[in-house]
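Visitor: Numbering (my numbering), first residue to last: 8 to 75. Structure provided below as C-alpha cells; questions to follow.
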Amino acid sequence: MPKQIYTAAEAARALGISLDTLRRWDRDGRIAVGRDAANRRVVAAAEIERLRGEVSDELSARNHFRGV
C-alpha cells in the first residue's frame, strides 16, 4: 500500500526541491503542509502529486524555440 503521508524531507526529495524550498513554499502558502504529533511538517501524497503536475507543465523561455 502506497504511503499517504510523507515527512518534509521525503516530500522535498519526491518533488526534486530542497528542504529549505519546501519550508519557504509552506510559509508562502504554495503547498499545504500539516503537522504531526511532534509538530513536524508532513505532506499528503495528493499534495505532492498536485505539485508534480504543476511543475511538469511549465517550460522555460528557452524551451519554446526549436534548436538548430
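Cβ atoms here follow ideal geometry from the backbone N, Cα and C, with glycine treated the same way.
Go to Arg-31, then tell me how far its alpha helix (DSSP H) extends in each direction, as first and last residue.
Guide: Element bounds for Arg-31: 26 to 35.
Visitor: Would you identify the three-state DSSP class for Ile-12, choosing helix, strand or coil?
Guide: In this structure, Ile-12 counts as strand in the three-state DSSP scheme.
Visitor: Assuming Arg-48 is part of the beta strand (DSSP E), what are its boundary residues?
Guide: Start and end: 48 to 51.
Visitor: How should Arg-42 be labelled, buried or exposed, when 16 other C-beta atoms within 10 angstroms of its C-beta is the threshold for buried?
Guide: So Arg-42 counts as exposed.
Visitor: CA-CA distance, Thr-14 and Arg-59?
Guide: Straight-line Cα distance between these residues: approximately 16 Å.
Visitor: Taking DSSP as the reference, what is the three-state secondary structure of Gly-60?
Guide: Of the three classes helix, strand and coil, the one that applies to Gly-60 here is helix, per DSSP.
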